[in-house]
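A.B. asks: Here the numbering used here is used: the first residue of the sequence shown is 251, the next is one more, and so on. Even glycine gets a Cβ: it sits at the ideal position worked out from N, Cα and C.
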Amino acid sequence: WYGHIGKTNAGEWGSLDLGITATLGHILQADLNNLNASGFFTRTVSARARQVWDVSADYIYGPIQIFGEYLHASSGDLEEGAWEIGMAHRLTPSVRTNVSFGRYQVNSDRTSLERPWTWDRERSTAGFTWEVRPGIQIQAEYEWNDENVLDSANRPVENDAATLQLITYW
251 WYGHIGKTNA
261 GEWGSLDLGI
271 TATLGHILQA
281 DLNNLNASGF
291 FTRTVSARAR
301 QVWDVSADYI
311 YGPIQIFGEY
321 LHASSGDLEE
331 GAWEIGMAHR
341 LTPSVRTNVS
351 FGRYQVNSDR
361 TSLERPWTWD
371 RERSTAGFTW
381 EVRPGIQIQA
391 EYEWNDENVL
401 DSANRPVEND
411 AATLQLITYW
């Protein structure tokens, strides 16, 4: 089962988009076998319910955009939650800056450097987007990551990243 409800409203105060999405069902035996072999748990899991709930909001007023999203998912005994909040500011008609902060949490019994999907993470980003011409953008961003796992030398994992992207659309 899948459903989405959304609402958009606008006026002199700006525009607001709100949405809720739900996906409900059951996992197959093959999915359950994969979950048990994944390294998330020290025990065997048998629950088969699957649920994904996503709530999002996007507010724009003049050159300012504020956005946020929360997601909670469960597949059997595995539960994951993620949220992110951010803000963008349009400096000129073609240049926009952005910052965001988010967190991903998983109820894994084990945390392993060899299994990145078992980590809890916090991520902060800052960057800008330049619309060179309609349909062509250049985006530069830096992200700072903090995980609840240590590397093989018992130090924090160093995986901050700088990205530069050419984005095209039509």
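Which runs of the beta strand (DSSP E), 3 residues or longer, sit entirely within the segment 254-300?
C.D. replies: With a minimum length of 3 residues, the continuous beta strand (DSSP E) runs that stay inside the segment 254-300 are 264-276.
A.B. asks: Going by DSSP, which residues form a beta bridge with Arg340?
C.D. replies: As a working mapping, residue 340 is identified with position 90 in the sequence shown. In DSSP, Arg340 forms a bridge with Arg346.
A.B. asks: If you draw a straight line from the alpha carbon of Thr361 to that of Ser296, how long is it in whole angstroms?
C.D. replies: The count along the sequence shown starts at 1 and reaches residue 361 at position 111. The count along the sequence shown starts at 1 and reaches residue 296 at position 46. Thr361 and Ser296: Cα-Cα distance of roughly 21 angstroms.
A.B. asks: Which term fits Leu285, buried or exposed, when burial requires 16 or more other beta carbons within 10 angstroms of its beta carbon?
C.D. replies: As a working note, residue 285 is residue 35 in the sequence shown. Buried, by the Cβ-count rule.
A.B. asks: For the beta strand (DSSP E) that contains Ala246, what are its first and last residues?
C.D. replies: Here the chain has residues from 251 to 420 only, and residue 246 is not among them.
A.B. asks: With three or more C-beta pairs closer than 8 angstroms as the rule, is the segment 338-348 touching the segment 372-388?
C.D. replies: Judged by Cβ distances under 8 angstroms, the segment 372-388 makes contact with the segment 338-348, as three or more pairs qualify.
A.B. asks: For Ser265, is the classification buried or exposed, using 16 other Cβ atoms within 10 angstroms of its Cβ as the cut-off for buried?
C.D. replies: Locating residue 265 in the sequence shown gives position 15, where the first residue counts as 1. Exposed.
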